[in-house]
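Okay, structure first, notes after.
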Amino acid sequence: MEIEQTVAPPAAAAQQPQPQTLTGRFFRCIFTAIFYFQLILISALVIFLTLRGLVFTKSPNFHPKKWYTPLLSSAALSGLLSLAWQCFFLFNISATSKATIILTPLLTFSVGIFLVTYGKTFVPGVGGALVLFSFAQALHSWLFVTRRRREFTFKMMALSTEALPARTRAIAVLSSILSVLYSAFLVAGIGGATATRTGLVDVLFISLIVLSLAWTMQVLKNVQVVAVSKAAYAHFARHEVISACDAVCAALRSHLGSVCIGSTLVPVLVVIRGMIRTLNRMGLGSDRTMYAGDGECAWVANHMILVGNRYGFVHVGVHNKGFVQACRDTWEEFRRRDGLEELVDADLTSSICFLSAFGIGAVSALTAGIWEFNIHKDYFFQLTLYAFIIGYFVGRVSSAWMQACVMAYFVAYAANPEGANFDNTISERIARQDVEENKRLAENEVRQPEEEQDVTYM
1 MEIEQTVAPP AAAAQQPQPQ TLTGRFFRCI FTAIFYFQLI LISALVIFLT
51 LRGLVFTKSP NFHPKKWYTP LLSSAALSGL LSLAWQCFFL FNISATSKAT
101 IILTPLLTFS VGIFLVTYGK TFVPGVGGAL VLFSFAQALH SWLFVTRRRR
151 EFTFKMMALS TEALPARTRA IAVLSSILSV LYSAFLVAGI GGATATRTGL
201 VDVLFISLIV LSLAWTMQVL KNVQVVAVSK AAYAHFARHE VISACDAVCA
251 ALRSHLGSVC IGSTLVPVLV VIRGMIRTLN RMGLGSDRTM YAGDGECAWV
301 ANHMILVGNR YGFVHVGVHN KGFVQACRDT WEEFRRRDGL EELVDADLTS
351 SICFLSAFGI GAVSALTAGI WEFNIHKDYF FQLTLYAFII GYFVGRVSSA
401 WMQACVMAYF VAYAANPEGA NFDNTISERI ARQDVEENKR LAENEVRQPE
451 EEQDVTYM
């Protein structure tokens, strides 16, 4: 079982924050202002839509109890599932991760089949896309990810969460509750816009609310990442004890602008870079060949990671850097350690957090969708979609602490591999990684002459 640290007086030799450029401070202030401004605007919009749709313009075709009850219940369920899943991770990381890898494709497949079976017009197409995505999840998780890679990730998750920073669990619980309450507040506005049905205007309002939900949840998750990773890094690198609550206050006070920038950049860059990595793998390459490649796609991928990566959040909290500079410095530290860049890039912690959130979203979608289908079929697809989005983001917020601990472990190791808190787990895995890469190159060299002979004899 993991031991949560007790709070002690901070060490006197704390690292001094680094000065930032004028441009960096400007963009941080701009993004902070944009974040608070959109919160105010969306809150006003939600209140307006709720009053207009439910108080001043009552539609005979819209039944608030039939619409709100399934969706709000599924939102509450997503919060309970998220907290329960995090308890399972604390109790047994390996078993819970394996269950996540197995169950999430099955749950995604179930949502897809439900939409294909009962949907009309374009809804079966959405269900079919989910079915295909569930197969992709299963193929990647069950076949393409090697057992050694899974076991290494499970061990890293266990090592990095052995001694949780003080108040980490309290922060995770409060963040989950806050995400559920904020989602419920936005649901009120979505319901108000749905009740009036005035065409494209209400569709635009709903789209703005959903986009605001996504960005706000990303910011909430990454504030938690900055805070917990700062406290965990202090433990791994300097044996200091920092309360996660104090780190959250510091993140909200000093780093919110950088968090907002990262919450905007990282999701986009991760998708683009993931596509490049997939194309590289389809060409029988490996991540190492991509890092050493001179092609246009490899160049884009190698430079994109310097602009935005999730590990930059660690340096944002620890060294008070701007987000882009933090990403560049963090990844250059990985590149200075032979084999560490590939190892960090192949870590499955973020994938497990994504799959767990996706599974929670699927359960929420099935709950709201089936419930609404039985009482009011006209809105079952909308509620299925909204419930999935809410469940997914609540799941991501609740698992942020675990990802933050793993990230802090890797960044602290890159800064000082000989630290007293590190064993030989990473060094042994890097050595094994080199052996596997040499074996893959040898197999490719053997395969290439055989193909040339086949062409010669044709």
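In terms of my numbering, the sequence shown opens at residue 1 and continues consecutively. Every residue, glycine too, gets a C-beta built ideally from N, C-alpha and C. All values reported here derive from a predicted model rather than from experimental measurement.
With respect to the 7 Å criterion, I375 and K66 are classified as neighbours on the basis of their beta carbons. Non-local C-beta neighbours of L385 in its own chain, meaning closer than 6 Å and more than five positions away in sequence, are absent. Going by DSSP, K58 is part of no alpha helix (DSSP H) at all; its letter is neither H nor E.
Here A420 carries a coil assignment [DSSP, helix/strand/coil].
With respect to F109, V131 sits close: the two C-beta atoms are nearer than 7 Å. In the displayed model, A172 falls within a helix according to three-state DSSP. Classified as exposed, E428 has fewer than 16 neighbouring CB atoms from the shown chains inside 10 Å of its CB. Close CB contacts of S73 within its chain, under the 8 Å cut and outside five residues either way in sequence, are with T367, A368 and W371 (chain order). Per the C-alpha coordinates, the member of F114, Y68 and L39 positioned closest to G53 is Y68. Nearest Cα to V210 within the set S399, A234, A387 and L348: A387. Nearest to M407 by C-alpha distance, out of L208, L90 and T161, is T161. For R28, the enclosing alpha helix (DSSP H) covers residues L22 to L51.
Listed in chain order, the non-local C-beta contacts of F154 below 7 Å within the same chain comprise I93, S94 and S97, local neighbours out to five positions each way being set aside. Residue environment for D423: exposed (fewer than 16 other C-beta atoms within 10 angstroms of its C-beta). Restricting attention to F122, W215 and W85, the CA atom closest to the CA of R169 is found in W85. Per DSSP, E372 is one residue of the alpha helix (DSSP H) stretching across T349 to I375.
Distance from the CA of N302 to the CA of L51, rounded to the nearest whole angstrom, comes to 50 Å. Classified as buried, D345 has 16 or more neighbouring CB atoms from the shown chains inside 10 Å of its CB.
Taking 7 Å as the cut-off, the beta carbon of I171 is found no closer than this to the beta carbon of F31. Distances from the CA of R167 to each of Y413, E436 and W401 were compared; the closest alpha carbon is that of W401. Rounded to whole angstroms, S350 and S179 show a C-alpha spacing of 20 Å.
DSSP places D202 inside the alpha helix (DSSP H), whose first and last residues are L200 to R238. In its chain, beyond the 5 residues on either side, M304 have a beta carbon closer than 7 Å to the beta carbon of I272. A distance below 7 Å separates the beta carbons of A231 and A247. Of the candidates T100, P124 and F26, the residue whose Cα lies closest to the Cα of F381 is P124. Within the model, the alpha-carbon separation for V268 versus E151 is close to 29 Å. The residue from L80, F89, S134 and S82 with its alpha-carbon nearest to that of L103 is S134.
Where I93 is concerned, the enclosing alpha helix (DSSP H) starts and stops at I93 to Y118.
Residue state for H315 is assigned as helix, using DSSP reduced to three classes. Exposed is the label assigned to R148, since fewer than 16 other Cβ atoms lie within 10 Å of its Cβ. Take the alpha-carbon of A414 and the one of S398: they are about 27 Å apart.
S78 places its beta carbon less than 7 Å from that of I360. Separation of the CB atoms of G257 and L49 is rounded to 29 Å, and the pair is thereby denied contact status at 8 Å. Within the model, the alpha-carbon separation for F205 versus E436 is close to 52 Å. When secondary structure is reduced to three states using DSSP, K321 falls in the coil class, being assigned neither helix nor strand. Nearest in C-alpha terms to I101, of all of I113, I352, I426 and E341, is I352.
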